[in-house]
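Numbering (my numbering), first residue to last: 1 to 864. We put the beta carbon where it would ideally sit given N, CA and C, even for glycine. Model, not experiment: these values are computed from the prediction. Below you'll find the structure, written out as structure tokens, and then a few comments.
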């Protein structure tokens, strides 16, 4: 968002020391960049957020104060451009890049600004709210900045932080000078950057990324000097500036709609509908994006209003997408940003990356080229959907429903719903009952419902089979709320008895959603019958159907459903929960066995057809769709010390971590950590250590793994020692500490072989393959990957086999065996696709494409 961005442009164009050459071109370049970045078609940063420092003002103190203030104020992009003299000391170890400010002396390099000083102003601690931090350097030897500290290799600003986007673009390589051509208005690099911003890039999307900008500058400069680019966490694919020569919107796919049809007609709220229609239609006609927020209490018809507006808009938007983010007051397992973008990218026909930054970039670029209506139901807060918001100048409209007012969304039109007036409430009831009830009876029922649309629709359903007089007497006699009495009465009168038992089990399920097989496990009934029962209950409005053949109770029923179910049925929540957790744990075991195989190759297959999976992609699909149910059930199972809870939590969090779902994984692992006992402490430490490693938190990861080893040794748990040693080897490998990593992997392999732990052997062999490859011992690396591959096949570990094929491909690529490498990458792609990991399969496809283009870069990836 331009309003939250801060731009600092520094051109040290004159110096007190006459021995240092002054360049007016540096100041000219800064002034032109400022003009362009204020252009709404490029960035649109406000005047007060664009800071220009040139000439006599370019002192160290002024630069420090401006950078500090901008870093503290930014909530979106922090963009810093520095142009001036640079000095590179080759004799120091590590080599040192220093930068001149106005007051330095030519030979007194101790008074020059170290590059670390400038970089420190952009560190995450200085700008905690920045979404993307960009530093552009136009000095001689500026490429040496890429060798300083953690920007080398790790591609990030500080050791303990790889979670944010950061980009550094330099005008030249470390041994080169940045050219200023006499008579030209701007330095060579700045001139190319200005041309890119001013003219755009033909054939690209609506927004330019750092990768695209750098490629265009290199093409314009030629061989005179070599711009360098390093980005962290997918920042290279992040939209940065508007493209003034954007390609015409693609018209290959005419669009589609995933918005469900109206469940009920809308009564009242006509004025609010018109406000939303006006804003959305303006967006479709190129007036800029529109964001409408519909807020209010549960049951007030927020989703119905959004869907009614979408229906009236018709084909004003070619693409009409819908996503239920599942937030409610009772079930706080809302969809996180990565999963949200993954679902939206799939709906729009794209392959989702397994990285938040890349997913956000791909989604934003797609929005810039299409006319899209996006309906986001049940949003938790503004932070949750920030990544899905359309870019400026797009032709998109967003309708978001939430109990939260979502004040963090800029320029949103907010509609707050309240209860219906008497006239509209009576009209709604009349829609259900026709002429069977008198006006006075409907007025009395509308008063009992307090004008809440959800309650009125439920009353309308009751009136189809009992007269209003009896319904009113029951509510007044019970003394309970309208919805509770309706739910109790509806369930109590269900026939046959098996259908009623299914409804009672739905009330006892911890939620927030479930599939019929979960309910069948709780009741002990036939699975096929339970599927029919759930459909019947959704028709009766007891259950709400969800995508993926799942169901949940309505929010307004969730609070009292367990108590009503326990009072009406023979079961208790504890007994039903025990059966559910036993079934869920077996189901998770069966699912992960399809992906990673079994610790025992000869283990018998799961005999219950409702638990086993025919194909690995079915297991992956279930793990994804059942995520909210598994998280809630897992937490409750751990709190009640269920015997299968620990194993289920450990297995499921492994899947969550590797799919990038770090927040829910951390929640479940912290719950696991609170369970007394050595076994739970080891499982939690291994999981948290692995997650810290995947997020680049090396020191934290080491602490968890060492803790796991200490506890495992004390209770003689060799298998857990193997897992912890493998984790420590992975941390050392990422730090390029090859000998240390090899020692950890060797110890892990020895222990795994001593107890016949085949999965442990496979992971250790994969780690050794990467270590030997990192040291250039290609033949030994190939042997390790081959052994890892064969071990993975023995246990049915498809992910492990794919990872070994990936490693083999990198090894063969390094020694020039291109055909062998391609075969390995294709095998990895096939395995990843078979288990439904389309994003990892896309990585293989990308490597194959890069090889066809002549790339020789190696990327080892991670062990899964």
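What is the rounded straight-line gap between the Cα of residue 611 and the Cα of residue 518?
Your numbering for residue 611 matches position 611 in the chain shown. Your numbering for residue 518 matches position 518 in the chain shown. Computed Cα separation, rounded: 10 Å.
Own chain, CB closer than 7 Å to residue 648, minus 5 neighbours either side, in chain order
Here residue 648 is taken as the residue at index 648 of the chain shown, counted from 1. Hits under 7 Å: 584, 585, 588, 634 and 637.
Since residue 768 and residue 742 are thought to touch, with beta carbons under 8 Å apart, how far apart are those beta carbons, to the nearest angstrom?
Here residue 768 is taken as the residue at index 768 of the chain shown, counted from 1. Here residue 742 is taken as the residue at index 742 of the chain shown, counted from 1. Yes, they are in contact, since the Cβ atoms of residue 768 and residue 742 sit about 7 Å apart, within 8 Å.
Suppose you measure from the CA of residue 430 to the CA of residue 449; what does that come to, to the nearest Å?
Translated into positions along the chain shown, residue 430 becomes position 430. Translated into positions along the chain shown, residue 449 becomes position 449. The straight-line gap from Cα to Cα measures roughly 14 Å.
Report the rounded CA-to-CA distance for residue 369 versus residue 66, giving the unit in angstroms.
As a position in the chain shown, residue 369 is number 369, starting the count at 1. As a position in the chain shown, residue 66 is number 66, starting the count at 1. As the crow flies, the alpha-carbon of residue 369 is around 36 Å from that of residue 66.
Helix, strand or coil for residue 496, going by three-state DSSP, please let me know.
Taking the chain shown and counting its residues from 1, the one referred to as residue 496 is at position 496. In this structure, residue 496 counts as coil in the three-state DSSP scheme.
Keeping to the same chain, check which residues put their C-beta closer than 7 Å to that of residue 367; ignore five residues upstream and five downstream.
By one-based count along the chain shown, residue 367 stands at place 367. Once the five neighbours on either side are set aside, the close Cβ partners of residue 367 are 390, 391, 394 and 396.
Just checking residue 715 against the ligand NAP - is the residue's beta carbon closer than 8 Å to any of the ligand's heavy atoms?
Looking for the ligand NAP in the displayed structure turns up nothing, as the structure carries no ligands at all.
I need the boundaries of the beta strand (DSSP E) containing residue 544, first residue and last residue.
Residue mapping note: residue 544 aligns to position 544 of the chain shown, counting from 1. From DSSP, the beta strand (DSSP E) with residue 544 extends over 543 to 546.
Provide the residue(s) that pair with residue 88 in DSSP beta bridges, ordered along the chain.
Against the chain shown, residue 88 aligns to sequence position 88. For residue 88, which the question treats as bridged, DSSP gives the partners 97.
Among the residues of its own chain, which have a CB less than 7 Å from the CB of residue 6, if the five just before and after it don't count?
The count along the chain shown starts at 1 and reaches residue 6 at position 6. Cβ neighbours of residue 6 beyond the five flanking positions: 49, 70, 73, 74 and 78.
Looking only at DSSP bridge pairs, what is residue 416 linked to?
Along the chain shown, read from residue 1 onward, the residue named residue 416 stands at position 416. BP columns for residue 416 point to 295.
Alpha helix (DSSP H) runs contained entirely in the segment 765 to 797, provided each spans 4 or more residues:
778 to 795
May I ask which residues mark the beginning and end of the beta strand (DSSP E) holding residue 286?
The sequence position of residue 286 within the chain shown is 286, counting from 1. No beta strand (DSSP E) holds residue 286; DSSP gives it neither H nor E.
Can you list, in chain order, the stretches of the beta strand (DSSP E) that have 3 or more residues and sit fully within the segment 364 to 414?
371 to 377 and 395 to 402
Please confirm if the segment 731 to 741 is in contact with the segment 773 to 786, defined as three or more CB-CB distances below 8 Å between the two stretches.
Inter-segment contact for the segment 731 to 741 and the segment 773 to 786 is present: three or more beta-carbon pairs are separated by less than 8 Å.
Since residue 195 contacts residue 220 with CB under 8 Å, what's their CB separation in whole angstroms?
Taking the chain shown and counting its residues from 1, the one referred to as residue 195 is at position 195. Taking the chain shown and counting its residues from 1, the one referred to as residue 220 is at position 220. Yes, residue 195 and residue 220 are in contact; Cβ-Cβ is about 6 Å, under 8 Å.
Of the residues 56, 661, 425 and 171, which one's Cα is nearest the Cα of residue 455?
In the chain shown, residue 455 corresponds to position 455, counting from 1. With distances taken between Cα atoms, residue 455 lies closest to 425.
Say whether the segment 306 to 324 touches the segment 429 to 443, bearing in mind that this needs 3 or more beta-carbon pairs closer than 8 Å, one atom from each stretch.
no
Does the beta-carbon distance from residue 139 to residue 114 come in below 9 Å?
On the chain shown, residue 139 is found 139 positions in, with the first residue counted as 1. On the chain shown, residue 114 is found 114 positions in, with the first residue counted as 1. Their beta carbons are not under 9 Å apart, which means residue 139 does not touch residue 114 by this criterion.
Residues bridged to residue 114 [DSSP beta-bridge criterion]:
Numbered from 1 along the chain shown, position 114 holds the residue referred to as residue 114. Paired residues: 98.
Output the residue ranges of the alpha helix (DSSP H) runs that lie fully inside the segment 174 to 224 and measure 4 residues or longer, sorted by chain position.
188 to 199 and 210 to 221
Delimiting residues of the alpha helix (DSSP H) encompassing residue 534:
Your numbering for residue 534 matches position 534 in the chain shown. That run of the alpha helix (DSSP H) goes 527 to 539.
May I have the straight-line CA-CA distance separating residue 516 from residue 43, to the nearest angstrom?
Within the chain shown, residue 516 is the residue found at index 516, counting from 1. Within the chain shown, residue 43 is the residue found at index 43, counting from 1. Roughly 50 Å between the two C-alpha positions.
What do you get for residue 763, buried or exposed, if any count of 16 or more other CB atoms within 10 angstroms of its CB means buried?
Here residue 763 corresponds to residue number 763 of the chain shown, with the count starting at 1. Label assigned to residue 763: buried.
How is the beta strand (DSSP E) around residue 6 delimited, first residue to last?
Start at 1 with the first residue of the chain shown, and residue 6 comes out as number 6. Where residue 6 is concerned, the enclosing beta strand (DSSP E) stretches over 6 to 11.
Do residue 232 and residue 295 come within 9 Å of each other at the CB atom, strictly closer than that value?
Along the chain shown, one-based indexing puts residue 295 at 295. Along the chain shown, one-based indexing puts residue 232 at 232. In this structure, residue 232 does not lie closer than 9 Å to residue 295 by Cβ.
Helix, strand or coil at residue 64 according to DSSP, with G and I counted as helix:
By one-based count along the chain shown, residue 64 stands at place 64. Three-state result, residue 64: helix.
Any beta strand (DSSP E) of 3 or more consecutive residues that is wholly inside the segment 611 to 656:
none
Residue 381 to residue 412, Cα distance in whole Å?
For the purposes of this step, residue 381 is taken as the residue at position 381 of the chain shown. For the purposes of this step, residue 412 is taken as the residue at position 412 of the chain shown. When the Cα atoms are used, residue 381 and residue 412 turn out to be separated by approximately 14 Å.
Beta-ladder partner(s) of residue 324, from DSSP:
Mapped onto the chain shown, residue 324 falls at position 324. Paired residue(s): 377.
Alpha carbon to alpha carbon, how far is residue 645 from residue 581?
Along the chain shown, one-based indexing puts residue 645 at 645. Along the chain shown, one-based indexing puts residue 581 at 581. So the alpha carbons of these two residues sit roughly 7 Å apart.
Assigned exposure category for residue 809 - 16 Cβ within 10 Å defines buried:
As a first step, residue 809 is located in the chain shown; it is residue number 809 there, counting from the start. Buried.
Go ahead and pull the three-state DSSP assignment for residue 81.
Within the chain shown, the letter at position 81 stands for residue 81. The DSSP-derived three-state label of residue 81 is strand.
For the candidate residues 631, 659, 695 and 640, whose alpha-carbon lies nearest to that of residue 669?
Position 669 of the chain shown, counted from the first residue, corresponds to residue 669. Out of 631, 659, 695 and 640, 631 has the C-alpha closest to the C-alpha of residue 669.
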